[in-house]
Amino acid sequence: MAEIVVVESKRAAGELVAASVRRLIEAKADTVLGLATGSTPLPIYAALAESFRSNPIDVSRLRGFALDEYVGLPPGHPESYRAVIDRDVVAALGLTPNNIHVPNGDLATLEGAGAAYERAIEAAGGIDLQILGIGRTGHLGFNEPGSSFASRTRVKTLAPKSRADNARFFPTPDDVPRHCITQGLGTIRRARHLVLLAFGADKAAAIAAAVEGPVTASQPGSAIQLHEHVTVVLDEAAAAQLANLDYYRYIWANKPAWQGI
Ligand code: PGA
């Protein structure tokens, strides 16, 4: 079962995950990270930046693969996930730009883009640690309800709810692209460690469905139940609908310190 960790703040969540990422890099300089975008992972990137600043390590060989990208935004669009990853991850952490990959949402080359991304992940030896957020629809990456648990990187249509949620990043709601290219649930499930974060009451229902609900394509988040190494890091509000919360707290409180997440 997934390990559920309830923390007091986003900052604490970021520090917990960043410490784990740092340990990975110390053990394997060319660690492969799966990178999420959106608001949720920002505390991890901030904590990593702080960790690298206060105690520098060589991150020149660190590699990364973003989860998803919008389709059809002009190159360099500030809200394309390529631009977001370049800004919030590559520049902020001092990574090697050529080591960090984002699915290509360019219309001209879209047909082969999913398969090419899968090949690149495979050639890198797979993803060691995949950072994930979750949408109010339950999506992981942009795998909206109904996505196959076996799916690989491909083009999807964003759910209206997800478009509305992402409208805050665009001048008008109509500017949010309708299509995206996203790692599939099958791609995500092949990562060796999944770390799913969620903050706020808006995510509580999706988290309860992912952790405790039936395993169903109607709740893409429930795919985590099929993975052998999952850590779910939540604030109190996002954890509020978990039926077995007391047990999860008990497990965490009694965990040997050496185990890590
Ligand atoms: P958010 O998005 O981190 O901006 O809340 C999460 C998601 O849509 O997966």
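Position one of the sequence shown corresponds to residue 215 (the numbering used here), numbered consecutively onward.
Virtual Cβ for every residue (Gly too), placed ideally from N, Cα, C.
Fill in: Cut-off 8 Å between Cβ atoms - residues of its own chain near R368, not counting five sequence neighbours on either side
G328, I395, T396, G398
Worksheet entry | Where T323 falls, given that 16 or more other Cβ within 10 Å makes a residue buried | exposed
Worksheet entry | Option nearest E229 by Cα separation, candidates M215, L262, R463 | L262
Worksheet item: Would DSSP call N312 helix, strand or coil?
Response: helix
Practice prompt. Please list, in chain order, all residues with a C-beta atom less than 5 Å from at least one heavy atom of the ligand PGA.
Written response: G252, S253, T254, G347, G349
Worksheet item: Taking the alpha-carbon positions, what's the P434 to G349 distance?
Response: 10 Å
Discussion item. With distance defined between alpha-carbon atoms, name the residue in I341, E332, D302, T371 nearest to H393.
Written reply: T371
Worksheet item: Under the three-state reduction of DSSP, which class applies to A412: helix, strand or coil?
Response: strand
Item to complete: Output the boundary residues of the alpha helix (DSSP H) element that contains V231.
Response: 224 to 241
Fill in: Any 3 or more C-beta pairs closer than 8 Å across the segment 445 to 457 and the segment 410 to 417
yes
Worksheet item: Can you tell me whether DSSP reads F279 as helix, strand or coil?
Response: strand
Practice prompt. Output the distance between the C-alpha atoms of L408 and Q344, rounded to the nearest integer angstrom.
Written response: 5 Å
Practice prompt. Could you tell me whether the Cβ atoms of V447 and V235 are closer together than 8 Å?
Written response: no
Worksheet entry | Contact belief for G340 with R404 at Cβ below 8 Å, rounded distance in angstroms | 6 Å
Discussion item. What residue range does the beta strand (DSSP E) around K370 cover?
Written reply: 368 to 371
Worksheet item: When the distance is taken between beta carbons, is A260 closer than 8 Å to L354?
Response: no
Worksheet item: Bridge partners of Q455, per DSSP?
Response: Partner(s): none; Q455 has no beta bridge.
Practice prompt. Can you give me the start and stop residues for the beta strand (DSSP E) that T396 sits inside?
Written response: 393 to 396
Item to complete: Would you mind giving the Cβ-Cβ distance between E332 and T251, rounded to the nearest angstrom? I have them listed as a contact below 8 Å.
Response: Wrong, their Cβ atoms sit about 19 Å apart, outside the cutoff.
Discussion item. Quick check for students: name the residue ranges of the alpha helix (DSSP H) that lie wholly in the segment 250 to 297, counting only runs of 4 or more.
Written reply: 256 to 268
Discussion item. Which residues does DSSP list as the beta-bridge partners of T445?
Written reply: E217, V409
Worksheet item: Looking at the structure shown, is V429 part of a helix, part of a strand, or coil, going by DSSP?
Response: coil
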